[in-house]
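To start, the structure under review is shown below, and the notes come after it.
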Amino acid sequence: DSDGATGTGYSYTIGTGGSSVMRLLADHLAPRLIGRDADQIEAIWHDLEFATHATTIGAITAIALAAIDTALWDLRARKQNLPLWKLAGGAKDRCPLYTTEGGWLHIETQALVNDALEAKAKGFT
């Protein structure tokens, strides 16, 4: 933002599309953020959604928008010196977690079972 504060946004693709997400961010979405008030997350979201209305159905656009959205929320939390969970209402001190490690078809069944048991032991649900 104008104070030099930053937020971290994260998203990913599985296998392909990462360079397309980066180009969309660099060429079309990031320039629309320059000079914007980072606290106006909803207004920024609507502007970016309108700017990408022809492509929002696709994963590339959704992934790019998600990275910006999480960066804006992270920035807001940092500027208020609050953890994001507290900024979001802080109603609970715990939240359920999940892992997506079980969805890989190329992994042997027993390896998936072992991974699931290990994840459960670590507290994933």
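Numbers in our numbering are just positions in the sequence shown, counted from 1, shifted up by 1241.
Built from N, CA and C at the ideal position, the CB exists for glycine as well.
Everything numeric in this text was worked out from a predicted model, so none of it was measured.
Within 8 Å, strictly: CB atoms of residue i and residue j
i, j, result
"Leu1316", "Ala1246", "yes"
"Gly1248", "Arg1319", "yes"
"Gly1258", "Ile1301", "yes"
"Leu1338", "Gly1364", "yes"
"Ala1308", "Leu1274", "no"
"Ala1303", "Thr1297", "yes"
Buried or exposed by the 16-neighbour rule on C-beta atoms within 10 Å, applied to residue i
i, result
"Leu1270", "buried"
"Leu1306", "buried"
"Leu1289", "buried"
"Ile1285", "buried"
"Thr1254", "exposed"
"Thr1373", "Given a span of 1242 to 1366 for the chain in the structure shown, any question on residue 1373 remains unanswerable."
"Val1262", "buried"
Limits of the unbroken alpha helix (DSSP H) element including residue i
i, result
"Gln1351", "1350-1362"
"Asp1310", "1300-1320"
"Leu1289", "1282-1292"
Legend entry - Touch test, the stretch 1300-1318 against the stretch 1333-1353, Cβ-Cβ under 8 Å, three pairs minimum: Judged by Cβ distances under 8 Å, the stretch 1300-1318 makes no contact with the stretch 1333-1353, as fewer than three pairs qualify.
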